[in-house]
Amino acid sequence: MLLLLLGSPSSAGRNRCLDAAEACTADARCQRLRTEYVAQCLGRAAVGGCPQARCRRALRRFFARGPPALTHALLFCSCVNAACAERRRQTFVPACAFSGPGPAPPSCLAPLDACEHSRVCRPRLLAFQASCAPAPSAPDGCLQDQAPRCLRAFAGLVGTAITPNYVDNASARVAPWCDCGASGNRREECEAFRGLFTRNRCLDGAIQAFDGGWPVILQDQLDVHQDPENSLLQVSSTDGLLVRSSLLPMLPVLALQPLL
7 MLLLLLGSPS
17 SAGRNRCLDA
27 AEACTADARC
37 QRLRTEYVAQ
47 CLGRAAVGGC
57 PQARCRRALR
67 RFFARGPPAL
77 THALLFCSCV
87 NAACAERRRQ
97 TFVPACAFSG
107 PGPAPPSCLA
117 PLDACEHSRV
127 CRPRLLAFQA
137 SCAPAPSAPD
147 GCLQDQAPRC
157 LRAFAGLVGT
167 AITPNYVDNA
177 SARVAPWCDC
187 GASGNRREEC
197 EAFRGLFTRN
207 RCLDGAIQAF
217 DGGWPVILQD
227 QLDVHQDPEN
237 SLLQVSSTDG
247 LLVRSSLLPM
257 LPVLALQPLL
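Okay, structure coming up:
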């Protein structure tokens, strides 16, 4: 099942997504958690349809409990061809976790509203906004040490009502599975929300910068003693999130700095 998702090593060449998959397979904790979400998101689909809630819960556990170096390597691995990019897009089972029951994506207002009323999703979205927000005063529009925090916050959204993913196999563009074609008089709000992913230079730069540290990421895969205080998101016993108060301004979800 995992080979169907990730391809076979014989066809990999210098496919970093397969390198990441092999590194995860070699790590017992990463492999156990990945097998769990594959079983929930793909294995059960053949007999009773997609159990989306269980699938997303297993994905949240994967990112919360798996070695960050390996979980992030799977999520942000770089690709140089369409076949690799399609395998990357399929890694987290978009048919169950990312898309929906209909063939067309819903208005982005639907996942946004669901997220705002979710104790799991809302703090993660706020953390993503704070961590990936452009900084107009910075020379390149983003803070110097922003990229790692931005990527951790982005990974925290996988398995929520928003669950972003790569939108195609021809680029590294990411977005939730939604559009703003039928948002009525809330079109501006809808576009602002989708723009958090599609018009965010700090998120784009963080994903691109991840590639530069690739060898170190795989070398550090066995470092399981990471200081939890260095992590932006920490999971509570109820699968909610405790987000640092300094990153959560008392503002509505869409009270954003201008996107650059």
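The numbers in our numbering rise by one with no breaks, and the one at position 224 of the sequence shown is 230. Ideal Cβ positions, reconstructed from N, Cα and C, are used throughout, including at glycine. Nothing here was measured: the structure is a model prediction, and the numbers come from that model.
Check the DSSP bridge columns for residue i and list the partner residues they point to.
i      : result
VAL180 : TYR172
ASP185 : SER113
Taking 8 Å as the threshold (C-beta atoms), are residue j and residue i in contact?
i      : j      : result
PHE69  : VAL164 : yes
ALA64  : CYS90  : no
GLN152 : LEU202 : no
PRO154 : CYS148 : no
CYS114 : CYS121 : no
ALA178 : ALA88  : no
CYS56  : ALA110 : no
ALA198 : CYS156 : no
ALA161 : ALA133 : no
ARG62  : THR204 : no
ARG40  : CYS30  : yes
TYR42  : ARG66  : Just to set this straight, residue 42 is Glu in the shown sequence, not Tyr. Contact: no.
ALA5   : ARG200 : Only positions 7 to 266 of the chain appear in this structure, which leaves residue 5 out of reach.
ASN171 : PHE104 : yes
In the structure shown, what three-state DSSP assignment does residue i receive?
i      : result
SER113 : strand
ASP151 : coil
ASP210 : helix
ASP33  : coil
ASP25  : helix
ASP146 : coil
SER137 : helix
THR244 : Its pLDDT being 38, under 50, THR244 is placed unreliably in this model, and the coordinates cannot settle the point.
VAL230 : Caution applies to VAL230, whose pLDDT of 44 falls short of 50 and renders its modelled position unreliable; the model cannot decide the point.
ASN87  : coil
GLU235 : Only weak support exists for where GLU235 lies, its pLDDT of 41 falling under 50; the coordinates are left without a value.
VAL222 : helix
CYS102 : helix
ARG205 : coil
Could you work out which residue in the options is closest to residue i when comparing CA atoms only?
i      : options                      : result
CYS85  : CYS23, GLU195, ALA181        : CYS23
GLY218 : ALA45, CYS83, ARG66          : CYS83
TRP183 : GLU195, GLU194, THR166       : THR166
GLY106 : ASP185, CYS208, LEU157       : ASP185
GLN58  : THR41, VAL99, ARG40          : VAL99
ARG93  : PRO117, LEU39, ALA26, ARG130 : ALA26
LEU209 : ALA181, ARG192, CYS138       : CYS138
Review point. Does the segment 128-147 come within contact of the segment 73-82, defined as at least 3 CB pairs closer than 8 Å?
Key: no
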